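Here is the structure we will look at.
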Amino acid sequence: MASVQRDRSTPLALFAEWRKRFGQQDLASWNPILSPRFALSAFLIAGIVLLPIGIGLLVASNSIAETRLDYTQCAHLAPPTLAPPPPGIDATIVAWRYVGNICTIRFAVREPLSPPSYDGTIGASPVFFYIRISGMYQNHHKMVSSFDKHQLAGDYIVTAASLAPECEPLRHAECAKSRYAATANGSYDSACNGAIPAAPGAQYYPCGLLANSFFTDVITDPVCVSDLAGAPCATERYAFSTKGLAWPHDVAVYGRSQWLVHNASAIPTQLIPPPQWQRSMPAYASGYNSTNFPDLSADERFIGWMMPAGMPTFRKLWGRNDTMAMAAGIYEVSINDYFDVYRFSGTKSLVYSTASVLGGKNTYIGIGYTAVGGYALAFAVLIVVLYIAFPRKMGDHALLSWTRDARGDGPGR
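The following block contains the structure:
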């Protein structure tokens with residue numbers, strides 16, 4: 001009986017044939033022979049390509065002027081009158097004091113903060129102002145999902161029960177239902193919101209752990225006290241704008257709350273500030289009202305904060321100046337010290353910096369490219385030395401025993 005020939009021209013038949021060959025690991029593949037010439041070429045190409053890129057990245061990063069001051073210890077070490085800090089404190093800080101929860105710092109800007117132009121002269125701004133936090137894990141799985149996108153978009157969400165469950169334990173602001181107010185024995189703290197009256201169904205606005213952790217220190221614009229030689233400054237106050245801090249597509253996600261349109265009179269009892277906001281922001285200690293209700297869509301600092309950082313040490317853009325350079329000199333800044341970093345053993349710093357065509361100051365990428373390129377060239381040199389000092393003839397696959405057995409001229413034949 002003649003065998004039945006399968007039709008291999010249909011797509012289904014071709015896929016079945018491919019799947020069979022894939023399962024049997026019978027597909028065509030590339031099996032390179034790692035000869036000295038091949039390995040040498042690969043390492044040389046990698047080194048020649050990566051090393052200049054790494055050096056260029058390092059040069060670009062090192063050309064960025066930056067001033068950073070760590071003020072974590074200000075509340076504990078600074079005296080009530082301006083005085084130099086003790087040894088071991090950030091050398092950028094010239095003097096500081098701490099009075100009434102306000103940390104006042106005088107710091108030195110050693111070189112003008114402005115990107116250099118191509119001819120080497122100091123060009124125009126922007127100058128960026130960052131806050132730098134260490135020891136805080138914004139990328140914790142419970143943190144990154146703890147928000148309600150519809151609430152942030154401004155939708156009119158009537159009760160806390162309609163919010164995303166990921167907002168727990170900061171979804172229900174009503175103390176009798178709030179998981180945040182629950183105690184170890186299962187009871188609830190009836191004064192979980194202090195003096196703020198929370199009506200039945202009240203919700204935290206904005207809800208979730210990520211919004212609750214918002215950086216709450218209030219930082220003034222730096223004021224120039226003198227230049228580095230002690231002479232008066234040409235410009236005293238160096239102003240930073242809070243616009244242009246977030247990407248446009250991130251800003252578009254947020255909207256002004258429709259509660260202002262549908263039920264503005266109920267906001268004080270239905271929308272409650274997150275607990276950390278109540279404690280750290282004096283304006284919200286008694287809750288929201290018609291004058292202090294936040295427009296999240298206009299707060300680009302908040303929008304940037306809601307984009308979780310991937311590492312425990314991170315920066316958030318807090319201001320920018322696009323019109324003038326920041327001259328070298330002695331500056332003074334005052335900080336309302338509300339954001340507690342001791343609870344997670346972290347630090348907090350202010351960073352005034354510029355940028356290059358490749359972005360902000362970041363030596364890690366340049367070091368990585370340079371190291372890999374350098375190692376590749378080193379291995380290439382090693383291969384050349386070994387190939388010259390200890391030459392070895394390449395093996396002939398035709399002389400392998402199993403290949404000879406298949407031909408019928410192997411050993412024992």
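Going by the numbering used here, the residue at position 362 of the sequence shown is 362; the numbering climbs one at a time, nothing skipped. A virtual CB, placed ideally from N, CA and C, is assigned to each residue, including glycine. Remember, predicted model here, so these are calculated numbers, not experimental data.
- At a Cβ-Cβ threshold of 8 angstroms, L51 and G373 count as neighbours.
- In this structure, the CA atom of P84 is about 45 angstroms from the CA atom of L271.
- Annotation: Y375 is outside any beta strand (DSSP E); the continuous alpha helix (DSSP H) that includes it extends over T363 to A389.
- Residue pairing by DSSP places A83 opposite W96 in a beta bridge.
- Between the alpha carbons of D337 and Y98 lies a gap of roughly 9 angstroms.
- Counting the other CB atoms within 10 Å of its CB gives H172 a total of 16 or more, which places it among the buried residues.
- In the three-state DSSP reduction, D70 falls in the strand class (E or B).
- Taking A39 as the centre and dropping the five residues before and after it, the same chain places the C-beta of I383 closer than 7 angstroms to its C-beta, in chain order.
- Less than 8 angstroms separates the beta-carbon of T347 from that of D70.
- Between R106 and V94, the C-beta gap is smaller than 8 angstroms, which places the two residues in contact.
- DSSP links N336 through a beta bridge to I102 and V218.
- Comparing alpha carbon positions, the residue from N31, Q278 and P80 closest to A195 is Q278.
- If you compare the alpha carbons of Y331, A325, D250 and V251 with that of T92, the shortest gap goes to Y331.
- Straight through space, the alpha carbons of I48 and S334 are spaced by roughly 50 angstroms.
- In this structure, C233 places its C-beta atom within 8 angstroms of the C-beta atom of G329.
- Around the beta-carbon of N212, 16 or more other beta-carbon atoms lie within 10 Å, marking it buried.
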